[in-house]
Amino acid sequence: MSTGESPRALLIIGTVGAGKTSVADMVGDLLADTGVAHAVIDLDALRRSWPPAPDDRFNFEMALRNLRSVAGNYLDAGAVRLVMAGVAETREHRRRYADAVGVELTVCRLRVELPVVRQRLARRHQGEEAALRWHLNRSGELDQIMEDAQLEDVVVEASDGSVPKVAEAVMKAIGWI
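This is how it looks when you write it as structure tokens:
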């Protein structure tokens with residue numbers, strides 16, 4: 001990739017258990033394989049502090065504050081692609097993520113059938129009954145929020161494909177390959 005290429009960002013969204021982080025990591029691997037300077041950012045990690053503000057249930061404001069710094073540092077270091085995994089529920093969320101990264105943002109939603117999500121969550125939270133219950137409840141709620149909001153530029157079906165295949169489909173859908 002030429003050094004004069006304008007940086008761009010990808011935000012991979014989907015309900016809990018959709019595979020956002022795994023797919024983002026694989027997109028990063030695919031970019032590395034082709035020599036593209038990039039960074040992968042897990043937005044959940046950027047908001048992981050306690051306690052959140054009383055009026056900010058998911059610590060969104062903390063994620064944005066951290067994203068501004070982290071994205072800026074990666075871009076300053078030469079990244080031309082930012083790959084983020086996270087949740088956006090409203091157009092305002094999308095706009096604020098775009099403002100935080102400061103480069104063109106494309107949003108891809110991973111669509112996964114809820115029975116598949118439930119199976120994934122059961123594996124991920126094995127032995128964690130309270131966490132499993134919360135994530136199972138949130139999965140349907142968040143899936144409906146995203147379906148109604150239609151914040152994405154592209155949708156990639158992720159119920160059946162392996163992580164590498166889904167990551168490649170994401171990159172094709174947004175024109176990165």
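Counting from 1, one number per residue, gives the positions in the sequence shown under the UniProt record's numbering.
All residues carry an ideal CB built from backbone N, CA and C; glycine is no exception.
Rounded to the nearest angstrom, the gap between the Cα atoms of His-135 and Leu-11 is 21 Å. Secondary structure at Glu-104: strand, using DSSP grouped into helix, strand and coil.
Sequence-distant partners of Leu-142 (beyond 5 residues in either direction) whose C-beta falls short of 8 Å from its own C-beta, in its chain, are Thr-15, Val-16, Val-87, Glu-89.
Look at His-135 here: in three-state DSSP terms it is helix. With a contact defined as Cβ atoms closer than 8 Å, Thr-21 and Ala-122 miss out at about 18 Å. The criterion of a C-beta distance shorter than 9 Å is not satisfied by Val-155 and Val-83. Between Leu-30 and Glu-168 a beta carbon distance of about 7 Å is seen, short of the 8 Å cut, so the two are scored as contacting. Taking a C-beta distance under 9 Å as the contact criterion, Leu-67 and Pro-7 do not qualify as a contact pair.
The alpha-carbon separation between Ala-79 and Gly-72 amounts to approximately 10 Å. As far as DSSP is concerned, Asp-44 takes part in no beta bridge.
Using a 10 angstroms sphere on the CB of Glu-152, the tally of other CB atoms reaches 16 or more, which defines it as buried.
By the C-beta density criterion, Ser-69 is exposed, having fewer than 16 other C-beta atoms within 10 angstroms.
Gly-127 and Leu-114 have their C-alpha atoms some 21 Å from each other. With a 10 Å radius around the Cβ and a threshold of 16 neighbouring Cβ atoms, Ser-162 comes out exposed.
In this structure, Ala-9 is the residue among Ala-9, Arg-91, Gly-140 with its C-alpha nearest to the C-alpha of Val-36. A residue is called buried once 16 or more other Cβ atoms fall within 10 Å of its Cβ, and Ile-177, having fewer, is exposed.
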